[in-house]
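Read top to bottom, the protein sequences are chains V and A.
Here the numbering used here is used: position 16 in the first sequence is 16, and no number is missing along the way.
Numbers given in the numbering used here equal positions in the second sequence, counted from 1, plus 223.
The C-beta atom is built at its ideal place from N, Cα and C for all residues, glycine as well.
Here's the structure we're looking at; comments come further down.
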Amino acid sequence: MIKAEQKPVDEILGFLDAYKRILLVGCNGCAAVCHAGGEREVAILAATLRMARKKLGQKLEILEETSPRQCEPEFVDALAGKTEDVEAILSIACGVGVQALAERFSEIPVYPGVNTMFMGKTVEPGVWVERCQACGNCVLHLTGGICPVTRCAKQLLNGPCGGSRDGVCEIDGETPCAWQAIYDRLKATGQLDRLELFVPAKRWGRESRDRGPRTIVRGDLKQ
Amino acid sequence: MGSFVPRIVAFCCDRSGYRAADMAGGLGISVPETIEVVRVPCAGRVDALHILRALESGADGVLIVACHRGNCRSLTGDLAVRARTEHVHEIMERIGLKRERLELCNLSVQDGPKFAETVRRKFEYLKELGPNPTR
Ligand code: SF4
Ligand code: SF4
């Protein structure tokens, strides 16, 4: 899922300097799963912001809401009734949710309360690691289920660079070399022949953003 | 600051802090009256939100009374609350609240006198420090 972490409180307070009444919206999707923007984080952030402002002798009224998913239009629409007299919206969903609110509520400034970091998995409670960069043409079938786009510092698609040493990437002494891991895994699964297959350079348009945001259209679902 | 009487919320683990508070009461050891004891099944249950809510609703200081390290009946509650206290300390520093307003201490069932002493010490410290500026 998408992983995010809260922005520093001082940065958020800076966004809100001019406002006395805001709507703070969390998201019960990915942002809640990584403990950055769910209902609980809304309550914690609201209490923190209110106290910070009171200390400065300024009131800040915060309406607290948590949307089931901020990236879905019907859930965003459901917030329409909550924006009355609201001077600004602070969203602690991922960047997609923040933009969805900004698109829907064109008259109200919308601010991000989290930094959206990556798509990743949980290593252990409180630790998340990146695993996919949404490259648009998955090569995991050729790489033993290990993503070179995400895990190789140079995003090499056809084997390691010359800096791979003892299983460690040359960027530092700790990061495992993605291609060493790919080799080990292919060897263990009897699939070393996959290394012979050439992975072409990424296709413009589908695998990059030079034509603006990428879009998926499913004719069978589209109304 | 002469008339200022600090208010303290003490989250007390049912297996240690709460028993100690009870013992202090039973022994007739006086503690400041403005302490509010909140009984929790395990200190590990105390969430950042509980602490912030206590501060926001007017506590000048918050005490969390957990079992001694490694002595938690729920196994890791003492460690969990330690990490959470640190997290709230960071939040407090960000918004200009003195971290010392929030304190985690470890007591055992028979620490009645120590409980009273801890609360009194906190009370005196807060009296010196002044009211919670964010309430
Ligand atoms: S190759 Fe890597 S970045 Fe591309 S889709 Fe697969 S996992 Fe994601
Ligand atoms: S050492 Fe491995 S992970 Fe690092 S850049 Fe080279 S191939 Fe990629």
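query: Leu278(A) to Arg358(A), Cα distance in whole Å?
result: Counted from its first residue, the second sequence places residue 278(A) at position 55. Counted from its first residue, the second sequence places residue 358(A) at position 135. Taking the straight line from one Cα to the other gives about 7 Å.
task: Give the residues of chain A in contact with Lys55(V), contact being defined as C-beta atoms less than 8 Å apart.
output: For the purposes of this step, residue 55(V) is taken as the residue at position 55 of the first sequence. Those within 8 Å of Lys55(V) in chain A are Ile318, Gly319, Leu320, Pro356 and Thr357.
task: Reducing DSSP to helix, strand and coil, say where Leu286(A) ends up.
output: In the second sequence, counting from the first residue as 1, residue 286(A) sits at position 63. Three-state result, Leu286(A): strand.
- prompt: Got a sec: does ligand 1 put a non-hydrogen atom nearer than 8 Å to the Cβ of Ala134(V)?
  reply: Residue numbering aside, residue 134(V) sits at position 134 when the first sequence is read from its first letter. Yes - ligand 1 has a heavy atom lying nearer than 8 Å to the Cβ of Ala134(V).
- prompt: Counting pairs of Cβ atoms below 8 Å between the stretch 120-134 of chain V and the stretch 7-19 of chain V, do you hit three or more?
  reply: no
task: Report yes if the C-beta of Val139(V) is less than 8 Å from at least one heavy atom of ligand 4; otherwise report no.
output: Absent from the structure shown: ligand 4. Ligands present: ligand 1 and ligand 2.
task: Give the secondary structure of Thr257(A) by DSSP, where H, G and I count as helix, E and B as strand, and everything else as coil.
output: Numbered from 1 along the second sequence, position 34 holds the residue referred to as residue 257(A). Of the three classes helix, strand and coil, the one that applies to Thr257(A) here is coil, per DSSP.
message: For chain V, check one thing: does any of its Cβ atoms lie closer than 9 Å to the Cβ of Met224(A)?
response: If you number the second sequence from 1, residue 224(A) lands on position 1. Confidence at Met224(A) is low in this model, with a pLDDT of 49, below 50, so the placement of that residue is unreliable and no value is reported for it.
task: Give every residue of the same chain whose Cβ lies closer than 8 Å to the Cβ of Cys43(V), excluding the five residues on either side of it in the sequence, and list them in chain order.
output: By 1-based counting over the first sequence, the position of residue 43(V) is 43. Reading off the sequence, residue 43(V) comes out as Ala, not Cys. Cβ neighbours of Ala43(V) beyond the five flanking positions: Glu64.
query: Taking Cβ positions only, does Glu259(A) come closer than 9 Å to chain V?
result: Locating residue 259(A) in the second sequence gives position 36, counting from the first residue. Not an interface residue.
message: Looking at the secondary structure, which residues open and close the alpha helix (DSSP H) in which Val42(V) lies?
response: Start at 1 with the first residue of the first sequence, and residue 42(V) comes out as number 42. Taken as a continuous stretch (DSSP letters only), the alpha helix (DSSP H) holding Val42(V) covers Glu39 to Lys55.
- request: Whole angstroms is fine: what's the gap from Phe346(A)'s alpha carbon to Glu5(V)'s?
  value: The count along the second sequence starts at 1 and reaches residue 346(A) at position 123. The count along the first sequence starts at 1 and reaches residue 5(V) at position 5. For Phe346(A) and Glu5(V), the distance between alpha carbons rounds to 36 Å.
Every unbroken alpha helix (DSSP H) within the stretch 70-133 of chain V, with a cutoff of 4 residues, ordered by chain: 73-77 and 95-104
query: Are the CB atoms of Leu101(V) and Val76(V) nearer to each other than 9 Å?
result: Position 101 of the first sequence, counted from the first residue, corresponds to residue 101(V). Position 76 of the first sequence, counted from the first residue, corresponds to residue 76(V). Yes, these two residues count as a Cβ contact at 9 Å.
field: Start and end residues, beta strand (DSSP E) containing Gln191(V)
entry: As a first step, residue 191(V) must be located in the first sequence, where it is residue number 191. No beta strand (DSSP E) holds Gln191(V); DSSP gives it neither H nor E.
- request: Could you check which residue in Pro109(V), Pro68(V), Lys187(V) and Glu41(V) has the C-alpha nearest to that of Asp85(V)?
  value: As a first step, residue 85(V) must be located in the first sequence, where it is residue number 85. For the residues Pro109(V), Pro68(V), Lys187(V) and Glu41(V), the minimum Cα distance to Asp85(V) belongs to Pro109(V).
- prompt: What number of angstroms, rounded off, separates the C-alpha of Glu74(V) from the C-alpha of Pro68(V)?
  reply: Here residue 74(V) corresponds to residue number 74 of the first sequence, with the count starting at 1. Here residue 68(V) corresponds to residue number 68 of the first sequence, with the count starting at 1. Between Glu74(V) and Pro68(V), the C-alpha separation is close to 10 Å.
- request: Identify, in the order they occur along the chain, each residue of the same chain with its Cβ nearer than 6 Å to the Cβ of Val139(V), setting aside the five sequence neighbours on each side.
  value: Here residue 139(V) refers to the residue found at position 139 when the first sequence is read from its first residue. So the qualifying residues of the chain are Val199.
query: Which residues, in order along the stretch 263-277 of chain A, keep a beta-carbon less than 8 Å from a beta-carbon of chain V?
result: Asp270, Ala271, Leu272, Leu275 and Arg276
field: Alpha carbon of Asp334(A) to alpha carbon of Ala153(V), nearest angstrom
entry: To locate residue 334(A), count along the second sequence from 1; it is residue 111. To locate residue 153(V), count along the first sequence from 1; it is residue 153. Rounded to whole angstroms, Asp334(A) to Ala153(V) spans 55 Å at the Cα level.
- prompt: Of the choices Leu156(V), Cys27(V), Met51(V) and Arg50(V), whose alpha-carbon is the least far from that of Glu41(V)?
  reply: What you label residue 41(V) is simply residue 41 of the first sequence in a count that begins at 1. It is Cys27(V) whose Cα lies nearest to the Cα of Glu41(V).
Residue nearest to Glu323(A) in terms of C-alpha spacing, selected from Leu298(A), Ala339(A) and Lys350(A): Here the question's residue 323(A) lines up with position 100 in the second sequence. Per the Cα distances, Lys350(A).
query: For Tyr183(V) versus Leu195(V), is the C-beta distance shorter than 9 Å?
result: In the first sequence, residue 183(V) corresponds to position 183, counting from 1. In the first sequence, residue 195(V) corresponds to position 195, counting from 1. Yes.
task: Tell me whether Pro176(V) counts as near ligand 1, meaning its Cβ is closer than 8 Å to at least one heavy atom of that ligand.
output: The count along the first sequence starts at 1 and reaches residue 176(V) at position 176. Checking every heavy atom of ligand 1 against the Cβ of Pro176(V), none is found closer than 8 Å.
message: Suppose contacts are defined by Cβ-Cβ distances below 9 Å. Is Val263(A) in contact with Val269(A) by that definition?
response: Residue mapping note: residue 263(A) aligns to position 40 of the second sequence, counting from 1. Residue mapping note: residue 269(A) aligns to position 46 of the second sequence, counting from 1. Contact: yes.
Any chain A beta carbon closer than 9 Å to Asp210(V): Here residue 210(V) refers to the residue found at position 210 when the first sequence is read from its first residue. Chain A, which has no Cβ nearer than 9 Å to the Cβ of Asp210(V), makes this no.
- prompt: If contact means a Cβ-Cβ distance below 9 Å, which residues of the stretch 4-16 of chain V contact chain A?
  reply: Pro8, Val9, Asp10 and Leu13
message: Any beta carbon of chain V sitting closer than 9 Å to that of Ile231(A)?
response: For this step, residue 231(A) is matched to residue 8 along the second sequence. Cβ-Cβ to chain V under 9 Å: no for Ile231(A).
field: Residues bridged to Ala4(V) (per DSSP)
entry: In the first sequence, counting from the first residue as 1, residue 4(V) sits at position 4. Ala4(V) is bridged to Thr116(V).
- prompt: Going along the chain, which residues of its own chain have a beta-carbon closer than 6 Å to the beta-carbon of Met224(A), five neighbours each way excluded?
  reply: Residue 224(A) sits at position 1 when you count from the first residue of the second sequence. Because the pLDDT of Met224(A) is 49, which lies under 50, any placement of that residue in the model is unreliable, and the question is left without a value.
query: According to DSSP, which residues form a beta bridge with Asp210(V)?
result: For the purposes of this step, residue 210(V) is taken as the residue at position 210 of the first sequence. In the DSSP output, where bridge partners are listed per residue, Asp210(V) has Gly212(V).
message: Looking at Lys3(V): is its Cβ nearer than 9 Å to the Cβ of Ala36(V)?
response: Here the question's residue 3(V) lines up with position 3 in the first sequence. Here the question's residue 36(V) lines up with position 36 in the first sequence. Against a cut-off of 9 Å, the Cβ pair of Ala36(V) and Lys3(V) comes out as a contact.
message: Given 8 Å as the limit, tell me if Arg218(V) has its C-beta closer than that to any heavy atom belonging to ligand 1.
response: Taking the first residue of the first sequence as position 1, residue 218(V) is located at position 218. Every heavy atom of ligand 1 is 8 Å or more from the Cβ of Arg218(V), so no.
- request: Would you check whether ligand 1 has a heavy atom nearer than 8 Å to the C-beta of Asn158(V)?
  value: Taking the first residue of the first sequence as position 1, residue 158(V) is located at position 158. No, the Cβ of Asn158(V) stays beyond 8 Å of every heavy atom of ligand 1.
Simplified DSSP state of Met224(A), which is helix, strand or coil: On the second sequence, position 1 is the one that residue 224(A) refers to. Reliability fails at Met224(A), whose pLDDT of 49 lies under 50, so the model's placement of it is uncertain and the value that follows must be treated cautiously. Reduced to three states, the DSSP call for Met224(A) is coil.
query: How would you list, in chain order, the residues of chain V whose beta-carbon sits under 9 Å from the beta-carbon of Glu351(A)?
result: What you label residue 351(A) is simply residue 128 of the second sequence in a count that begins at 1. Chain V residues near Glu351(A): none, gap ~19 Å exceeds 9 Å.
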